[in-house]
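See structure below.
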Amino acid sequence: MEILKRVKETKPYIPVVMITAYGTINQAVEALKEGAMDYVVKPFDVEELKIIVSQGLERGKLKQENILLKKQLREKFSFKNIVGNSKEMKEIYSLIEKIAATDSTVLVKGESGTGKELAARAIYLLSHRREKPFVSINCGAVPENLLESELFGHMKGSFTGAVADKKGMFEMAEGGVLFLDEIGEMSALTQVKLLRAFQDKRIRRVGGTEEISVDARIISATNQNLKKKIEEGKFREDLFYRLNVLSLVMPPLRKRKEDLPLLVSHFIKKYCQEMGRKTKRIAPEVMNVLESYPWPGNVRELENVIERIIAIEERGIITKESLPEELLAPHKKPDTTYLFEPGFSLNLHLDDIAKNYIKQARQAAGGKLRETASLLGISYRTLRYLIDKYGLKSNS
Ligand SMILES: Nc1ncnc2c1ncn2[C@@H]1O[C@H](COP(=O)(O)OP(=O)(O)O)[C@@H](O)[C@H]1O
Ligand SMILES: [Mg+2]
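The following block contains the structure:
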């Protein structure tokens with residue numbers, strides 16, 4: 001019975017047949033309950049046993065196939081929402097699979113809208129934690145004084161508004177994944193508390209005394225350069241190393257424009273379905289426009305553009321006319337050449353600006369010089385000097 005239990009725990013697809021010389025009905029029932037496929041009492045017929053064994057092998061094979069199919073289905077499902085066939089995205093998929101097989105912390109980096117949260121969810125769906133919760137919190141969107149209680153929970157009466165005991169995200173994510181979005185926005189104080197939670201694998205609710213042990217895989221995401229924040233003293237280096245055991249960098253859309261056609265048709269389908277519209281065709285000239293646009297907001301921006309078009313466009317085809325202004329305007333850099341005509345001088349330009357400010361301040365102060373100086377944030381002496389220098393004596 002002990003061996004049966006062990007086998008069922010570690011290799012559940014292996015069929016087990018029990019053989020005993022001292023069979024009782026009770027034992028047989030118990031063995032079947034524990035997952036045995038059959039129960040044979042000595043003496044037995046060899047031919048009969050052969051049949052049982054071959055049935056068992058067949059069954060085991062089916063079970064294994066079943067497990068495999070389920071796994072494939074799960075993988076397909078977890079990547080279902082991530083669109084892209086580019087080399088960059090294929091690398092991301094294979095990294096996600098590798099990361100999902102481990103239980104270390106992960107830091108997902110990348111510009112806003114590149115699919116960081118999508119990647120975090122895929123890691124979770126492919127991992128052994130998929131049956132447990134995925135709890136997500138945006139550290140940048142929660143007011144600093146509430147973040148601690150959101151993460152760790154609180155006890156009734158621990159602060160105004162804490163009208164009942166409350167579980168924090170750490171406890172809610174028990175056994176699953178805690179996704180900390182925009183981790184770069186976390187205050188120094190909360191960083192310390194998070195670090196402590198890492199070290200102790202325990203947390204304490206705000207206002208609580210009990211230490212609660214927690215087991216949640218931490219996946220965090222940021223669009224900031226944390227290394228730089230560390231140098232500026234705004235992010236704890238020790239916390240960074242805890243969070244960044246494994247890392248994943250989502251590529252910006254402009255670096256994988258070959259994914260545009262797939263993404264575009266994915267979002268057209270999605271929003272036409274959602275809004276109950278017939279699928280729209282897309283004119284080739286539109287793809288050209290989309291491909292020459294740099295997509296600073298990445299996939300999120302593309303998704304929003306398509307959603308807007310589907311909502312507004314009444315024709316069955318998307319043409320240049322359907323596109324928002326900013327996509328059509330040639331993306332030239334702000335035109336600054338006029339500033340630098342021949343003969344441009346920074347000093348003269350700054351003098352001009354200063355003259356203008358002085359005139360305006362003097363007007364606002366009704367011509368009173370001390371007040372003018374105070375408006376400009378300079379001393380009376382400096383103002384007198386500048387008025388002299390710029391020849392602004394007359395009250396013009
Ligand atoms: N590769 C992708 N395929 C399909 N949709 C994507 C992809 N990347 C991002 N998205 C979509 O774009 C939006 C922003 O993604 P999100 O994961 O929130 O980005 P981030 O967290 O990096 O800002 C979401 O609606 C997401 O579904
Ligand atoms: Mg996000």
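For the sequence shown, our numbering assigns the number 1 to the initial residue and increments by one for each residue that follows.
A virtual CB, placed ideally from N, CA and C, is assigned to each residue, including glycine.
Just so it is clear, the structure is predicted and the values come from calculations on it, not from any experiment.
Buried or exposed by the 16-neighbour rule on C-beta atoms within 10 Å, applied to Arg6: The residue is exposed, with fewer than 16 neighbouring Cβ atoms inside 10 Å.
For the region 239-291, which segments carrying the beta strand (DSSP E) assignment without a break, of at least 3 residues, lie completely within its bounds, in sequence order? With a minimum length of 3 residues, the continuous beta strand (DSSP E) runs that stay inside the region 239-291 are 246-249.
Assign Tyr271 to buried or exposed, taking buried as 16 or more other Cβ atoms, counted over all protein chains shown, within 10 Å of its Cβ. Around the beta-carbon of Tyr271, 16 or more other beta-carbon atoms lie within 10 Å, marking it buried.
Per-residue burial, Met169 [other beta carbons within 10 Å of its own, 16 or more giving buried]: The residue is buried, with at least 16 neighbouring Cβ atoms inside 10 Å.
For ligand 1, any of its heavy atoms closer than 7 Å to the Cβ of Thr10? Not under cutoff, so the answer is no.
Considering only DSSP beta bridges, list what Asn138 is partnered with. For Asn138, which the question treats as bridged, DSSP gives the partners Asp181.
Counting beta carbon pairs with one atom in the region 143-159 and one in the region 197-208, are three or more of them shorter than 8 Å? Touching, yes.
Got a sec: does ligand 1 put a non-hydrogen atom nearer than 7 Å to the Cβ of Asn85? Answer for Asn85: no, Cβ out of range of ligand 1.
Using the Cβ count rule (16 or more neighbours within 10 Å means buried), how would you classify Asn298? Result: buried.
Relative to the C-alpha of Val41, which residue among Lys33, Thr20, Pro15, Ile268 is closest? The option with the nearest alpha carbon to Val41 is Thr20.
Under 7 Å from any heavy atom of ligand 4, does the C-beta of Glu117 make it? As for ligand 4, it is missing from this structure, which binds only ligand 1 and ligand 2.
So is Tyr241 buried or exposed if we call it buried at 16+ other beta carbons inside 10 Å? So Tyr241 counts as exposed.
For Glu144, which residues from the same chain have a beta carbon less than 6 Å from its beta carbon, with the 5 sequence-adjacent residues on both sides left out? For Glu144, where only same-chain residues beyond five positions count, the Cβ hits under 6 Å are Ser187.
In whole angstroms, give me the CA-to-CA distance for Gly161 and Ser149. Roughly 11 Å separates the two Cα atoms.
Would you decide whether Glu182 is buried or exposed? Buried here means 16 or more other CB atoms lie within 10 Å of its CB. Glu182 should be labelled buried.
On the three-state DSSP scale, how would you describe Ala122? If DSSP states are grouped into helix, strand and coil, Ala122 belongs with the helices.
Taking all protein chains shown into account, do 16 or more other C-beta atoms lie within 10 angstroms of the C-beta of Leu253, making it buried, or fewer, making it exposed? Buried: at least 16 other Cβ atoms inside 10 Å.
At 4 residues or longer, and completely inside the region 201-232: list those alpha helix (DSSP H) runs for me, N to C. Runs found: 226-231.
So, with DSSP's three-state summary, where would you put Tyr39? Look at Tyr39 here: in three-state DSSP terms it is strand.
Output the boundary residues of the beta strand (DSSP E) element that contains Thr20. Its beta strand (DSSP E) spans residues 17-20.
By the 10 Å Cβ neighbour count, where 16 or more other Cβ atoms means buried, how is Met1 classified, buried or exposed? Residue environment analysis places Met1 among the exposed positions, since fewer than 16 neighbouring C-beta atoms fall within 10 angstroms of its C-beta.
Taking only the alpha-carbon atoms, compute the straight-line gap between Gly397 and Arg370 and give it to the nearest angstrom. For residue 397 there is no data in the structure shown, the boundaries of the chain being 1 and 396.
Report yes if the CB atom of Lys109 is closer than 8 Å to the CB atom of Val249, and no otherwise. Yes, the pair counts as a contact, with Cβ atoms nearer than the cut-off.
Alpha carbons only, please: which of Asp165, Ile218, Gly175 is nearest the one belonging to Thr209? Per the Cα distances, Asp165.
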